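Residue numbers (UniProt numbering): 1 to 391.
We treat Cβ as the ideally placed atom computed from N, Cα and C, and that holds for glycine.
It should be emphasised that the depicted structure is a prediction, and the values quoted were computed from it without experimental measurement.
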Ligand SMILES: *Cc1c(COP(=O)(O)O)cnc(C)c1O
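The structure is reproduced here in structure tokens:
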């Protein structure tokens, strides 16, 4: 008999009833150190007082109206995002994959309005992840995501991650955009080197095509800049945002330049819930924290500390771990043991990590994690690795 919950998830057996900062707590009081943060969602940790206040204040006043009317919280969040980024305009969604949908529509409408409607193709990369909607799975293109779900949305061209020649060769007169994660999350915490990201920007400029960054996972201060592409000193035309921006409230966004967004006129796109007062009130509180230069400096300081400790962990367990990778507090441990076994051993040691492709475990702690908690996290990972070696 099919379970009450559609069985699309392979869930771990823990049931958390409370969150406090970097900690997730079960009913029996067991406390797990959370290096997953709901897959880079709880950027400010669990139950951050400023987010609880923003949510409960708004909940007492007004939950939902409609995008038929003015929504001041949405306006305020758009203005904060524009102030701190390359973008001129923002649209709010409830998720990352909805941001992907709009990014694709925006790119196509751009070319349609420019009188080049044949430019429908979007070049994307192997190992990428852009969500589970029809556009999202077609964009990622992996068999794992697409098998059995055809016919797939046409217009996506796939290039191997890191294959510069193939990328150049893939550009034709039907190419409209390149879509790339500056740091692949699901793909195994694979950072696109700054020179390569610059190269992609140059390539887009040369051919006059749009550059779309998917920063759903690597954005919102995760890498130590508000958005990961800032490390390369370049800007996209369109960016997809979600996960961290809501700090746990379902919220996403597409940010774009005025030029890239020029096709999206009244009536061309919409969402019932996207940008509702609750989500945007929380999003504003998240932005107020993550745009503070002192906050970003702390993320970078802790990232350096964490990397150093992880290098020590790898050296201490050469049979379990291969190497450290990642940027900022978006870290990965490439494993020699099966990554899922390492994650499970972590549960035994009361530390939460997240598996990714390429036999990597992801470490995406709340950006607010303390130095003591980081030290404790390494102790628990060390215990997990020791238990694996003994098994
Ligand atoms: C999680 C993720 C998405 C999809 O976001 P949802 O909110 O799950 O729809 C898209 N792109 C990247 C890079 C992601 O990590």
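Is residue i near ligand 1, judged by its Cβ being under 8 Å from some heavy atom?
{"i": "residue 104", "result": "no"}
{"i": "residue 99", "result": "yes"}
{"i": "residue 130", "result": "yes"}
{"i": "residue 242", "result": "yes"}
{"i": "residue 95", "result": "yes"}
{"i": "residue 40", "result": "yes"}
{"i": "residue 279", "result": "no"}
{"i": "residue 275", "result": "no"}
{"i": "residue 185", "result": "yes"}
{"i": "residue 252", "result": "yes"}
{"i": "residue 127", "result": "no"}
{"i": "residue 206", "result": "no"}
{"i": "residue 181", "result": "yes"}
{"i": "residue 136", "result": "yes"}
{"i": "residue 74", "result": "no"}
{"i": "residue 218", "result": "yes"}
Alpha carbon to alpha carbon, how far is residue i from residue j?
{"i": "residue 250", "j": "residue 276", "result": "10 Å"}
{"i": "residue 55", "j": "residue 16", "result": "21 Å"}
{"i": "residue 150", "j": "residue 193", "result": "34 Å"}
{"i": "residue 243", "j": "residue 285", "result": "14 Å"}
{"i": "residue 262", "j": "residue 217", "result": "26 Å"}
{"i": "residue 319", "j": "residue 294", "result": "38 Å"}
{"i": "residue 335", "j": "residue 257", "result": "40 Å"}
{"i": "residue 280", "j": "residue 82", "result": "14 Å"}
{"i": "residue 163", "j": "residue 132", "result": "25 Å"}
{"i": "residue 260", "j": "residue 236", "result": "10 Å"}
{"i": "residue 213", "j": "residue 239", "result": "5 Å"}
{"i": "residue 339", "j": "residue 116", "result": "46 Å"}
{"i": "residue 58", "j": "residue 28", "result": "32 Å"}
{"i": "residue 225", "j": "residue 219", "result": "8 Å"}
{"i": "residue 373", "j": "residue 22", "result": "8 Å"}
{"i": "residue 142", "j": "residue 322", "result": "25 Å"}
{"i": "residue 310", "j": "residue 68", "result": "50 Å"}
{"i": "residue 52", "j": "residue 172", "result": "49 Å"}
{"i": "residue 75", "j": "residue 264", "result": "17 Å"}
{"i": "residue 270", "j": "residue 91", "result": "9 Å"}
{"i": "residue 157", "j": "residue 148", "result": "19 Å"}
{"i": "residue 118", "j": "residue 112", "result": "8 Å"}
{"i": "residue 87", "j": "residue 288", "result": "18 Å"}
{"i": "residue 154", "j": "residue 128", "result": "17 Å"}
{"i": "residue 120", "j": "residue 188", "result": "29 Å"}
{"i": "residue 204", "j": "residue 110", "result": "15 Å"}
{"i": "residue 89", "j": "residue 360", "result": "36 Å"}
{"i": "residue 105", "j": "residue 45", "result": "33 Å"}
{"i": "residue 391", "j": "residue 346", "result": "13 Å"}
Does the beta carbon of residue i fall short of 8 Å from some heavy atom of ligand 2?
{"i": "residue 214", "result": "Questions concerning ligand 2 fall outside what the structure shown contains, since the ligands it does hold are ligand 1."}
Check your understanding: Unbroken alpha helix (DSSP H) runs of length 4 or more, entirely within the stretch 285-361: which are they?
Key -> For the stretch 285-361, the continuous alpha helix (DSSP H) assignments of 4+ residues that do not extend past its boundaries occur at 293-316 and 339-348, in sequence order.
Exercise for review: Say whether the stretch 303-313 touches the stretch 358-376, bearing in mind that this needs 3 or more beta-carbon pairs closer than 8 Å, one atom from each stretch.
Suggested key: Yes: at least three Cβ pairs fall under 8 Å.
Check your understanding: Which runs of the beta strand (DSSP E), 3 residues or longer, sit entirely within the stretch 29-117?
Key -> Every beta strand (DSSP E) stretch that sits fully inside the stretch 29-117 and reaches 3 residues is listed by chain position as 31-34 and 89-93.
Review point. Does the stretch 95-106 come close enough to the stretch 160-170 to have 3 or more Cβ pairs within less than 8 Å?
Key: No: the two stretches stay apart, fewer than three of their Cβ pairs being nearer than 8 Å.
Exercise for review: Give a yes or no on contact between the stretch 201-210 and the stretch 374-385, applying the rule of three or more CB pairs nearer than 8 Å.
Suggested key: Counting Cβ pairs under 8 Å, fewer than three are found: no touch.
Review point. Counting pairs of Cβ atoms below 8 Å between the stretch 172-192 and the stretch 123-131, do you hit three or more?
Key: Cβ pair count under 8 Å is three or more, so yes.
**Study point:** Complete beta strand (DSSP E) runs within the stretch 191-275 (minimum length 3 residues, chain order)
**Key:** Fully enclosed beta strand (DSSP E) runs of no fewer than 3 residues occupy 210-214, 238-241 and 252-256 of the stretch 191-275, in order along the chain.
**Study point:** alpha helix (DSSP H) segments (min. 4 residues) lying fully within the stretch 151-187
**Key:** For the stretch 151-187, the full-length alpha helix (DSSP H) segments reaching 4 residues or more read 164-170 along the chain.
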